[in-house]
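Structure first, commentary second.
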Amino acid sequence: MHLIDFPNGAYLRQSIESDRADLYRVCVQTGIIGSDASHLFRMPQMLGEIYVGPYLTFEPNYSFTIVDGEITGYLLATLDTAAFEEREEVQWWPALRSKYLNVGIENFTDEEKSLFAHMQNPPRTPKAITDEFPSQLHIDLVTKSQRKGFGKPLIMYLLKQLTEANSPGVHLHVNPINDNAIGFYEKLGFVIAHKSTDEWLMTRKL
């Protein structure tokens, strides 16, 4: 079932398990501020396993696939980030750590070494954020589907879903040098709430 139809024939639908490999592909193809990061990896699925896989597994009701001739993007959310991160620690990260430990770090690229270190101690979202803005969203579109007017209706659709589930607020992570993304989210009512070197958190009341 199409949840949103766009004038060019692209559409949004609920993600299904068979989308997983394509959505992992989208993750790496948008890995450098929306541009392709495939050249940084020998195991390109690693990025998706960290940043996309947990949503598909634990939040199927808030996992959506964008199809623009082929799968070109995803729209993901979790209703309760604190509970989601707890579940990741118990049910996701141990198996992923074991998988890549068996591969052997000597076989990793520099980017893969960085991600392997990340999965040893994944950062938790600050409680000050999750108390007021418990939900989280994540969207990526490959170059083919960028600058087509997809972003706003996709985000607004997801905000509506979270509102109907009685979430009081939502946050997202953004690269501090991605001025286009920051400006886009500000126009949709998000504000910068927390800054660190590698990423900023933006929040919006629902």
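Just remember that the numbering used here sits 1 ahead of the position in the sequence shown, which is counted from 1.
Just so it is clear, CB atoms sit at the ideal spot from N, CA and C, and this is done for glycine as well.
As the structure is a computational prediction, the values presented were derived from the model and not from experiment.
Between the alpha carbons of THR79 and TRP93 lies a gap of roughly 15 Å. For ASP37, the closest C-alpha among the options ARG43, ARG26, ILE106, MET44 is that of ARG26. Under a 10 Å Cβ-count criterion, SER64 is classified as buried, with 16 or more other Cβ atoms of the shown protein chains found around its own Cβ.
The alpha-carbon separation between GLY150 and GLY70 amounts to approximately 16 Å.
For TYR12, the enclosing beta strand (DSSP E) stretches over residues 12 to 15. For MET47, the enclosing alpha helix (DSSP H) stretches over residues 46 to 52. Setting aside the 5 residues that flank it on each side, ILE183 is surrounded in the same chain by VAL175, each with a C-beta closer than 7 Å to its C-beta; the list follows chain order. Within the region 65 to 113, the complete alpha helix (DSSP H) segments at least 4 residues long are 82 to 92, 94 to 104, listed from N- to C-terminus. Under DSSP, HIS172 forms a beta bridge with GLN137, THR204. Under the DSSP assignment, VAL29 falls in the alpha helix (DSSP H) whose first and last residues are 21 to 30. Classified as exposed, VAL91 has fewer than 16 neighbouring CB atoms from the shown chains inside 10 Å of its CB. According to the DSSP assignment, LYS196 belongs to no alpha helix (DSSP H) but to the beta strand (DSSP E) extending over 192 to 196.
In the DSSP assignment, the residues bridged to SER36 are ILE33.
Straight across, the Cα-Cα distance linking MET203 with TYR186 is about 8 Å. Within the DSSP secondary-structure output, ILE5 pairs in a beta bridge with LEU13. Take ILE17, set aside five residues on each side of it, and the residues of its chain with a beta-carbon closer than 8 Å to its own are THR66, in chain order. Around the CB of ALA11, 16 or more other CB atoms lie within 10 Å, so the residue is classed as buried.
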